[in-house]
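Reading through the structure tokens given below for one structure.
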Amino acid sequence: MEVLKPSANYAIGNLKFRTSIAHKHGVETYGIIFDFNVKISFMVDTNFFPELIDSYDGSEILIINLVMYKGKENISHLCVDDAAKILSEIKPKKCIITHFGRTMLKADPDKVAEKLSEETGVEVIAAEDGMILNLDEFDAGDKDRQMKFNF
Numbered sequence: 002m003e004v005l006k007p008s009a010n011y012a013i014g015n016l017k018f019r020t021s022i023a024h025k026h027g028v029e030t031y032g033i034i035f036d037f038n039v040k041i042s043f044m045v046d047t048n049f050f051p052e053l054i055d056s057y058d059g060s061e062i063l064i065i066n067l068v069m070y071k072g073k074e075n076i077s078h079l080c081v082d083d084a085a086k087i088l089s090e091i092k093p094k095k096c097i098i099t100h101f102g103r104t105m106l107k108a109d110p111d112k113v114a115e116k117l118s119e120e121t122g123v124e125v126i127a128a129e130d131g132m133i134l135n136l137d138e139f140d141a142g143d144k145d146r147q148m149k150f151n152f
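So my numbering is basically just the index in the sequence shown, starting at one, shifted up by 1.
Okay, structure coming up:
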């Protein structure tokens, strides 16, 4: 067993991934970036800071922990305005928002996803319990892309 470090490469059998830069959060957190011939990144709990953009650049599918509707000082989580900045810069083909807090649930994650899509031009989907992301749509003939992610 190995402890994860920032911006490092790892493999578990045939599964290869790298970690993002260290996030700004109350505890040590890193995102995970997979490359299955489609770059899938999971941006976990963090405050927004500009270096996130470079660390996740090139992501084709970006999964974002979007806890808060509006940001609050001293709370280390992304809000909708942060997500809009991130999506406008990285421009993934698809974004899944997840890990909703109370204010996001009150705002209706589906409506927030629709608003983010309109503002950024990125297809944004609000995750649901049990949701499966099927990668067939990216290239159904490529067996490496025929994976499913469960939320």
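Note that the Cβ used here is the ideal one computed from N, Cα and C, for glycine as well. Here the structure is a predicted model, which means the values were calculated and not measured.
Practice prompt. Report buried or exposed for L16, applying the criterion of at least 16 other Cβ atoms within 10 angstroms of its Cβ.
Written response: Within the sequence shown, residue 16 is the residue found at index 15, counting from 1. That one is exposed.
Worksheet entry | Simplified DSSP state of K107, which is helix, strand or coil | What you label residue 107 is simply residue 106 of the sequence shown in a count that begins at 1. It is helical.
Discussion item. Can you tell me whether R103 is buried or exposed? The criterion is at least 16 other CB atoms within 10 Å of its CB, across all chains shown.
Written reply: Position 102 of the sequence shown, counted from the start, is the residue given in the question as residue 103. So R103 ends up on the exposed side.
Worksheet item: Under a Cβ-count criterion, where at least 16 other Cβ atoms within 10 Å of its own Cβ denotes burial, should F101 be classed as buried or exposed?
Response: The sequence position of residue 101 within the sequence shown is 100, counting from 1. So F101 ends up on the buried side.
Worksheet item: Counting pairs of Cβ atoms below 8 Å between the stretch 64-77 and the stretch 42-52, do you hit three or more?
Response: Counting C-beta pairs with one atom in each stretch, the stretch 64-77 and the stretch 42-52 have three or more that are closer than 8 Å, which means they touch.
Discussion item. So for E153, helix, strand or coil by DSSP?
Written reply: In the structure as shown, the chain starts at 2 and stops at 152, and residue 153 therefore has no counterpart that could be examined.
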